[in-house]
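Student: Below you will find the structure I want to go over with you.
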């Protein structure tokens, strides 16, 4: 043990005597390990960000979308296909307490892109047409005014709630509440011929600043009552999706079954195989997202792992050069009593020490970069968590040591097998 | 008897060509002797020294070291003998570069497994060659003569019975060479066996016995009369 420590000390001295080359030798390992750390950290950060945003909505929400999808696949609507099988009468059937007893609120949605005009100002934004219950389903908060009531939502009053940024753009000087804005009817509205080119709305509220969620600016949108948006603006008669708030998290699964039963009755479907809708809770969404981000992380981690192997090959090359450069030294060491094992250990130690140092530097560098990214993301308004998993650190250190053993062994054995006389005569 | 070679044969085989380097060497060296091995290039004197110094194994023949037959010794056992029972001094010094004088001298102790303080022994060995005050110098900061003295200290540090010196003055000027020979003489006087390989008669005459080898065979083995022996005085090096 005493000698092992001494050998290690000698190796450290040797490596420090060649600082420049030692650093270049381990650069590949530094980059590889830093890559692993950064990818795992950013992956965890992004995952927690998205999951945090989803759970912020509340875990007792159930979503209903038209079209069939398999259990874990993405919704059909993701691909831009409009499916018209979900209708207002379906929503009303779900709202019926006798059908779905545990649903406290149901909000139907349609959405699209429109131009809003207020005086001389005009803004292109997206609108969401929904029920007054939205405010309870989504836990929305207002900075000015109120959201429209259930009555206003049901009667189709021409009232509008502005997102924070939209309000800022249309009313740079304030005074939104009570003002009238106009929404231009999009050209693709099949009913456009029957109504005038724009619909006036009275502003009754401005939403609190929300920032960006899932890569969408939540402040760049407006809300109008469901029937106005559906009929007058879009000129359609179907529902794009609906969200249902359940009275208790424990009742989510039974409520999903209730909703499915109601919709099958509505659509006269007898076999679940033929469902033309699907019902999903947040647990499903979280499972789906987690599986996507996990796959992505494993994939990127593997890429970083490959760069570690490349770094290891770099170590092997330099170690082979070092061994042949130090042939005379090896000969001398053997002449004064070094055994094969001594020589093998010397070069193996050197390789492991190099990769270990590379691993530690890589971890520090990776943590620094991950931290800077987290700072940047927070600066940009994301609720980004800076996560360094101890697992990733342990993995990086063990892989870098393993790299040293694997790629240092061949040069070390080559050195150990040298014939002392040949080595001493080597020029 | 410290060293006893019985009909040592060494052949190098290269494809179909067999080179007979040592053709039946018989040699006995007593403890405390100062033997010079002489011979022209290619005579086999280096191979003979490598064989006696356990750097190489003979093709056939018996080698008794300190009464033990070494024929069946493992590589590790031979490494152990090289480590603490013999010491080597080479023509080209072979010090580790970028390493201090003290660390160079301590190197054999690293492989010895001894628990005695490395530093004290290394310092003592350096004092024995008159370099006690240079131990913190880097090996490339000292002169050739000093390098060879460091190499002698390194050979001494494990307190071996025999020191092998392969052309120890070959790369040195006459003053430094004289100092090195003076040190070897002193070590011999203290009872250590010295085996010296050289082709320089003036150097060989420091020994009390000269073995001449040619074409792999010993052609003469003579004792040097005391009156013919050369003794080097310690020369003050002015660096």
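Chains as they are written, first to last, in my numbering: chain D, 348 to 774; chain R, 722 to 960. We put the beta carbon where it would ideally sit given N, CA and C, even for glycine.
1) Could you name the residues of chain C that residue 843 (chain R) contacts, counting a contact when the two beta carbons are closer than 8 Å?
2) Quick one, are the C-beta atoms of residue 514 (chain D) and residue 553 (chain D) less than 8 Å apart?
3) Since residue 748 (chain R) contacts residue 939 (chain R) with CB under 8 Å, what's their CB separation in whole angstroms?
4) With 8 Å set as the bound, which would you pick, yes or no: does the beta-carbon of residue 784 (chain R) sit closer than that to a beta-carbon of chain D?
5) At 7 Å on the CB atoms, spell out the chain D contacts of residue 870 (chain R), in chain order.
6) Using a threshold of 8 Å, state whether the C-beta atoms of residue 454 (chain D) and residue 589 (chain D) are closer than that.
7) Can at least three beta-carbon pairs, one atom from the stretch 884 to 896 of chain R and one from the stretch 818 to 832 of chain R, be found at a separation below 8 Å?
8) Would you list the one or two residues that DSSP bridges to residue 752 (chain R)?
9) Taking Cβ-Cβ distances shorter than 9 Å, what residues in chain D pair up with residue 832 (chain R)?
10) Residue range of the alpha helix (DSSP H) that residue 552 (chain D) falls in?
11) Between R:780, R:745, R:728, R:804, which has its C-alpha nearest residue 683 (chain D)'s C-alpha?
12) Any idea which residues DSSP pairs residue 455 (chain D) with across the strands?
13) Which complete beta strand (DSSP E) runs does the stretch 833 to 920 of chain R hold, if anything under 3 residues is left out?
14) Based on DSSP bridge pairs, tell me the residues matched to residue 400 (chain D).
15) Would DSSP call residue 731 (chain R) helix, strand or coil?
16) Kindly indicate the opening and closing residues of the alpha helix (DSSP H) around residue 765 (chain D).
17) For the stretch 805 to 814 of chain R against the stretch 847 to 855 of chain R, are there 3 or more C-beta pairs whose distance is under 8 Å?
18) Let me know if residue 617 (chain D) comes out buried or exposed under the rule of 16 or more other beta-carbons within 10 Å of its beta-carbon.
19) Would you mind reading off the limits of the beta strand (DSSP E) that contains residue 933 (chain R)?
20) Identify the contact partners of residue 318 (chain D) in chain R, using a Cβ-Cβ distance below 7 Å as the criterion.
21) Would you report the Cα separation of residue 726 (chain D) and residue 446 (chain D), rounded to the nearest angstrom?
22) For the alpha helix (DSSP H) holding residue 511 (chain D), just list the boundary residues, first then last.
23) Please report the residue range of the beta strand (DSSP E) in which residue 941 (chain R) lies.
24) Can you name the residues of chain R whose CB is closer than 7 Å to the CB of residue 767 (chain D)?
25) So the alpha helix (DSSP H) residue 722 (chain R) belongs to, where does it begin and stop?
26) Can you list, in chain order, the residues of its chain whose CB lies under 8 Å from that of residue 826 (chain R), leaving out five sequence neighbours each side?
27) Please tell me whether residue 567 (chain D) and residue 510 (chain D) are closer than 8 Å, where the distance is taken between their beta carbons.
28) Nearest to residue 387 (chain D) by alpha carbon, out of D:520, D:716, D:585, D:435?
29) For a test of the three-state rule: what should DSSP assign to residue 757 (chain D), helix, strand or coil?
30) Beta-carbon within less than 8 Å of residue 479 (chain D)'s beta-carbon, same chain only, minus the 5 sequence neighbours each way: which residues are those?
31) Below 8 Å on the Cβ atoms is my guess for residue 456 (chain D) versus residue 475 (chain D); work out the distance and round it to an integer in Å.
32) Taking the beta strand (DSSP E) that residue 712 (chain D) falls in, what are its first and last residues?
33) Rounded to a whole number of angstroms, what is the C-alpha to C-alpha distance between residue 770 (chain R) and residue 697 (chain D)?
34) Quick one: using the 10 Å Cβ neighbour count with 16 as the cut-off for buried, is residue 348 (chain D) buried or exposed?
35) Would you mind working out which of D:565, D:438, D:409, D:526 sits nearest residue 472 (chain D), comparing C-alpha positions?
36) The alpha helix (DSSP H) with residue 627 (chain D) in it runs from where to where?
Tutor: In short, the structure shows the following:
1) The displayed structure is made up of protein chains D and R, and chain C is not among them.
2) For the purposes of this step, residue 514 (chain D) is taken as the residue at position 167 of the first chain. For the purposes of this step, residue 553 (chain D) is taken as the residue at position 206 of the first chain. Yes, these two residues count as a Cβ contact at 8 Å.
3) Your numbering for residue 748 (chain R) matches position 27 in the second chain. Your numbering for residue 939 (chain R) matches position 218 in the second chain. With a Cβ gap of about 7 Å, residue 748 (chain R) and residue 939 (chain R) count as contacting.
4) Here the question's residue 784 (chain R) lines up with position 63 in the second chain. Taking Cβ atoms only, chain D never reaches closer than 8 Å to residue 784 (chain R), which makes this a no.
5) Stepping through the second chain from its first residue, residue 870 (chain R) is reached at position 149. In chain order: nothing, as chain D lies at least about 16 Å away.
6) Within the first chain, the letter at position 107 stands for residue 454 (chain D). Within the first chain, the letter at position 242 stands for residue 589 (chain D). Result yes, Cβ atoms of residue 454 (chain D) and residue 589 (chain D) sit closer than 8 Å.
7) no
8) As a working note, residue 752 (chain R) is residue 31 in the second chain. DSSP lists no partner for residue 752 (chain R).
9) Locating residue 832 (chain R) in the second chain gives position 111, where the first residue counts as 1. What residue 832 (chain R) touches in chain D: 350, 680, 683, 684, 685, 686, 689.
10) Mapped onto the first chain, residue 552 (chain D) falls at position 205. First-last for residue 552 (chain D): 545 to 554, but that is the beta strand (DSSP E), not the alpha helix (DSSP H).
11) Residue numbering aside, residue 683 (chain D) sits at position 336 when the first chain is read from its first letter. Of the candidates R:780, R:745, R:728, R:804, the one whose C-alpha sits nearest the C-alpha of residue 683 (chain D) is R:804.
12) Numbered from 1 along the first chain, position 108 holds the residue referred to as residue 455 (chain D). Paired residue(s): D:589.
13) 883 to 887, 914 to 918
14) Counted from its first residue, the first chain places residue 400 (chain D) at position 53. Paired residue(s): none; residue 400 (chain D) is not in a bridge.
15) Counted from its first residue, the second chain places residue 731 (chain R) at position 10. Correct three-state label for residue 731 (chain R): strand.
16) Against the first chain, residue 765 (chain D) aligns to sequence position 418. From DSSP, residue 765 (chain D) is part of no alpha helix (DSSP H); its letter is neither H nor E.
17) no
18) The residue you call residue 617 (chain D) lines up with position 270 of the first chain. With fewer than 16 Cβ atoms within 10 Å of its Cβ, residue 617 (chain D) is classed as exposed.
19) Counting from 1 along the second chain, the entry for residue 933 (chain R) is found at position 212. 930 to 935 is the extent of the beta strand (DSSP E) around residue 933 (chain R).
20) Lying before the first or after the last residue shown, residue 318 (chain D) is absent from chain D, which here runs from 348 to 774.
21) Residue numbering aside, residue 726 (chain D) sits at position 379 when the first chain is read from its first letter. Residue numbering aside, residue 446 (chain D) sits at position 99 when the first chain is read from its first letter. Residue 726 (chain D) and residue 446 (chain D): Cα-Cα distance of roughly 47 Å.
22) On the first chain, residue 511 (chain D) is found 164 positions in, with the first residue counted as 1. 511 to 517 is the span of the alpha helix (DSSP H), which, as asked, contains residue 511 (chain D).
23) Within the second chain, the letter at position 220 stands for residue 941 (chain R). Where residue 941 (chain R) is concerned, the enclosing beta strand (DSSP E) stretches over 938 to 944.
24) Position 420 of the first chain, counting from 1, holds the residue named residue 767 (chain D). Those within 7 Å of residue 767 (chain D) in chain R are 776.
25) Within the second chain, the letter at position 1 stands for residue 722 (chain R). Residue 722 (chain R) -> no alpha helix (DSSP H), and no H or E assigned at all.
26) Within the second chain, residue 826 (chain R) is the residue found at index 105, counting from 1. Contacts found: 843, 846, 847, 856, 871, 874, 875, 878.
27) Start at 1 with the first residue of the first chain, and residue 567 (chain D) comes out as number 220. Start at 1 with the first residue of the first chain, and residue 510 (chain D) comes out as number 163. Closer than 8 Å, so yes.
28) As a working mapping, residue 387 (chain D) is identified with position 40 in the first chain. Nearest of D:520, D:716, D:585, D:435 to residue 387 (chain D), Cα basis: D:716.
29) Position 410 of the first chain, counted from the first residue, corresponds to residue 757 (chain D). Residue 757 (chain D) falls in the helix class under three-state DSSP.
30) On the first chain, position 132 is the one that residue 479 (chain D) refers to. So the list reads 494, 495, 496, 497, 498, 499, 500, 501, 572, once near-sequence residues are dropped.
31) Your numbering for residue 456 (chain D) matches position 109 in the first chain. Your numbering for residue 475 (chain D) matches position 128 in the first chain. Yes, they are in contact, since the Cβ atoms of residue 456 (chain D) and residue 475 (chain D) sit about 6 Å apart, within 8 Å.
32) Along the first chain, read from residue 1 onward, the residue named residue 712 (chain D) stands at position 365. Not the beta strand (DSSP E): residue 712 (chain D) falls in the alpha helix (DSSP H), residues 687 to 726.
33) In the second chain, residue 770 (chain R) corresponds to position 49, counting from 1. In the first chain, residue 697 (chain D) corresponds to position 350, counting from 1. The straight-line gap from Cα to Cα measures roughly 33 Å.
34) As a working note, residue 348 (chain D) is residue 1 in the first chain. Annotation note: pLDDT 49 at residue 348 (chain D) (below 50); position unreliable, coordinate value reported separately. Exposed is the call here.
35) Position 125 of the first chain holds residue 472 (chain D). The option with the nearest alpha carbon to residue 472 (chain D) is D:565.
36) Numbered from 1 along the first chain, position 280 holds the residue referred to as residue 627 (chain D). Note, residue 627 (chain D): premise wrong, no alpha helix (DSSP H); beta strand (DSSP E) at 624 to 628.
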